[in-house]
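First to last, the sequence lines map onto chains Y and V.
First residue of the first sequence: 686, per our numbering; consecutive thereafter.
First residue of the second sequence: 686, per our numbering; consecutive thereafter.
Each residue gets a CB set at the ideal place from its N, CA and C atoms; glycine is no exception.
Keep in mind that this is a model prediction, so the values were computed, not measured.
Number of protein chains: 2
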Amino acid sequence: MRDREALLIQTLQKSGASFGIGDDGVRIGELVYAMDAFNEGSHFKRGWMSLEKLAYKALAVNVSDLYAMNAKPLYALLSLSIPRDFSAKEVTSLSLGIAKACEAFGVKLIGGDTILSSLLGFSFTLIGQASKKTLQRRGMKGGDYLAYTGRVGDSLKGLTTLLRGGRLSSQSRFIRPTLRPKLIAEMTPWLRGGMDISDGIFFECERLSRLNHLGFYFTKPLPKRLGRSGEEYEMLLVIPPKNLSKIRRIAQKHRTPLHLFARAKRGSYRAPCLGHHS
Amino acid sequence: MRDREALLIQTLQKSGASFGIGDDGVRIGELVYAMDAFNEGSHFKRGWMSLEKLAYKALAVNVSDLYAMNAKPLYALLSLSIPRDFSAKEVTSLSLGIAKACEAFGVKLIGGDTILSSLLGFSFTLIGQASKKTLQRRGMKGGDYLAYTGRVGDSLKGLTTLLRGGRLSSQSRFIRPTLRPKLIAEMTPWLRGGMDISDGIFFECERLSRLNHLGFYFTKPLPKRLGRSGEEYEMLLVIPPKNLSKIRRIAQKHRTPLHLFARAKRGSYRAPCLGHHS
């Protein structure tokens, strides 16, 4: 996937058609936009959770992109692919999941469209209010610390359980990710960069490396089960050394674990392996 | 499709999650948003035209939604589903089509994402600058004239040719729709409503009927091959009687045929048959 995506972006950029691609979302004036697909086959299998929970997660992962830029979600558009064999009850479950997520995140659904398809698919566009300072992926400097918030690894564990035919509790982070807008808002002025972990820490580090033309050295070895775990939606933070104690204090105040694991250095970094959906 | 879409929208509206659904796009402050999927299987077959032309059309039909509200397209986000078996050459063709359309319509692609899938699919979100007066679907009054612009019917003819295994010239309206932003801009102050014809005149009339709680009487019988022809992207106009001569003059100035065919009356209207993609 990555090579074809890179080719697409490269061709588009050469033509002058695109710019700004690379962050979770893009800021234009006072608004931030993000668009992420969440599709059967690529991102989930239908039996993994109820349709209501799936729909909720589909919006939540898009909201995560806005939070990760320190923006406040306001509006959403949805292009929904509904399987041809869906009953009225199934359509209602989808609607309920979307409605619950809209309420939980304070988002109004303002438009979009629906099509019949062989697979279930959500493509949300989120529109958010930018804050004074937008958190971005570019701006990292040599010596900056890399850290992740909270707990990482549960998502891959949940996925493994599902792939083996097991079931997850509805409290599982894989079903309902933990988002941390208040923590992000308070930290942003002291950070040099940040993003949410959707494709696993290793792969997000590769993205940071490419965008910032820097590499990393790991101060703590990251086990594969952590580094490869995608769909975590915890935050990956780029912390300038002089603000490290400030960031630690904010994390403590929010009772959120902060795990420092690498520092930026000259060079480049490539992930040792692909994320779970390639 | 229509029943499931209606159920979805109804459930979402009851929950308070959504509003404003019904127009081609939605205006929020000075911006107008539109989102439309263009998917293999539902909207096209891959062999119907080159990948470059397909990608161009995918953006054009979204631009049409903004023009139909008298808005100027500025930015686009794209969620692109790329078939797993696509070669680098095929990805490049897609990029070229997108780039050409971006240039033709003055749109900058600012973000989105790509996923691997079994089918090719484009889901664009367009962001446009609203004009002083936005053209909408609501506002029709009894006695108003309905008219369509240009030539309608070619798209269904083109589709029929393709479904029979024939080929279309690259000049075909089915491949490259004719959009009329200048005409729309000049007419908007004198219109009571308008929309582009994406699902056929009959079905668009049904939409107008539902939104405005009015029916129609046909002053000129519309042959099925015209009324059912979708993906025309000509305009359907709602003209107050007092402005009819003004609208006629503007159409003449732009050398665009104007076909009056119905007037609004009390009651409701239901399309005699479905469009080609349901």
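Give the list of continuous alpha helix (DSSP H) stretches no shorter than 4 residues that lie fully inside the region 799-873 of chain V. 839-848 and 866-872
Should V/Ser780 go down as buried or exposed, given a rule of 16 or more other Cβ atoms within 10 Å for buried? buried
Can you give me the Cβ contacts of Y/Ala753 inside the same chain, cut-off strictly under 6 angstroms, excluding the 5 residues immediately before and after it? Excluding its 5 nearest sequence neighbours in each direction, Y/Ala753 has C-beta neighbours in its own chain below 6 angstroms: Asp709, Met880 and Asp881, listed in chain order.
Endpoints, alpha helix (DSSP H) assigned at Y/Gly714: That residue, Y/Gly714, is in no alpha helix (DSSP H); it is neither H nor E in DSSP.
Alpha carbons only, please: which of V/Ser894, V/Ser883 and V/Glu889 is nearest the one belonging to V/Gly824? It is V/Ser894.
In three-state terms, what does DSSP make of Y/Ser764? strand
Between Y/Thr799 and Y/Leu744, which are expected to be in contact by the criterion C-beta below 8 angstroms, what is the C-beta distance as a whole number of angstroms? Not confirmed; about 15 angstroms, so no contact.
Which term fits V/Gly960, buried or exposed, when burial requires 16 or more other beta carbons within 10 angstroms of its beta carbon? With a pLDDT of only 43 at V/Gly960, under the threshold of 50, the placement of this residue in the model should not be trusted, and no figure is reported.
Name the one or two DSSP bridge partners that Y/Val923 has. Its beta-bridge partners are Y/Leu831 and Y/Gly878.
Could you check if Y/Asp770 is buried or exposed, using at least 16 other CB atoms within 10 Å of its CB as the buried criterion? exposed
For Y/Leu922 versus Y/Phe946, is the C-beta distance shorter than 8 angstroms? In this structure, the beta-carbon distance from Y/Leu922 to Y/Phe946 does not fall below 8 angstroms.
Taking 8 angstroms as the threshold (beta carbon to beta carbon), is V/Thr873 in contact with chain Y? no
Distance, Cα to Cα, Y/Glu725 vs V/Asp750? Near 28 angstroms, if we compare the C-alpha coordinates of V/Asp750 and Y/Glu725.
Apart from the five residues just before and just after V/Ala740, which ones in its own chain have a Cβ nearer than 6 angstroms to its Cβ? Leu779, Gly782 and Ile783
Looking only at DSSP bridge pairs, what is V/Arg940 linked to? According to DSSP, V/Arg940 bridges with nothing at all.
Residues of chain Y with CB under 7 angstroms from V/Glu690, in chain order? Correct list: Thr799.
Consult DSSP for Y/Lys774 and reduce its assignment to one of helix, strand or coil. helix
Output, in sequence order along the chain, the residues in the region 948-959 of chain V whose CB is closer than 7 angstroms to any CB in chain Y. none
Strictly under 8 angstroms for the Cβ-Cβ distance: is V/Gly710 near chain Y by that measure? yes
Continuous beta strand (DSSP E) stretch holding Y/Tyr902: start and end: Annotation: the continuous beta strand (DSSP E) that includes Y/Tyr902 extends over Gly900 to Phe903.
Does the beta carbon of Y/Ala658 come closer than 8 angstroms to any beta carbon on chain V? Absent from the structure is residue 658 of chain Y, since the part of chain Y shown begins at 686 and ends at 963.
When you compare the CB of Y/Asn724 with every CB in chain V, is at least one pair closer than 8 angstroms? yes
Who are Y/Asp721's beta bridge partners in DSSP? Y/Phe809
Which of helix, strand or coil does DSSP assign to Y/Lys730? coil
7 angstroms Cβ cut-off: residues of chain Y touching V/Tyr760: Ile713
Can you tell me whether Y/Ala753 is helix, strand or coil according to DSSP? coil
Nearest CA to the CA of Y/Asp688: which residue from V/Leu801, V/Trp875 and V/Arg913? V/Leu801
Checking 8 angstroms against the spacing of the C-beta atoms, do V/Ala691 and V/Gly827 come in under that value? no
For Y/His962 and V/Gly838, what's the separation of their Cα atoms in angstroms? With a pLDDT of 46 at Y/His962, under the threshold of 50, the predicted position of this residue should be treated as unreliable, and no value is reported.
Quick one: Cα of V/Glu889 to Cα of V/Leu844, how far? 19 angstroms
Between Y/His944 and Y/Asn747, what straight-line distance do the alpha-carbon atoms span, to the nearest angstrom? As the crow flies, the alpha-carbon of Y/His944 is around 24 angstroms from that of Y/Asn747.
Between Y/Gly912, Y/Ile713 and Y/Thr777, which has its C-alpha nearest V/Gln814's C-alpha? The candidate whose alpha carbon is nearest that of V/Gln814 is Y/Ile713.
Output the boundary residues of the alpha helix (DSSP H) element that contains Y/Arg955. No alpha helix (DSSP H) contains Y/Arg955, which DSSP labels as neither H nor E.
Give me the Cα-Cα distance between V/Ala756 and Y/Thr696, rounded to the nearest whole angstrom. V/Ala756 and Y/Thr696: Cα-Cα distance of roughly 28 angstroms.
Taking all protein chains shown into account, decide if V/Gly797 is buried (16 or more other Cβ within 10 angstroms of its Cβ) or exposed. buried
Three-pair Cβ contact test at 8 angstroms for the region 847-855 of chain Y versus the region 895-904 of chain Y: no
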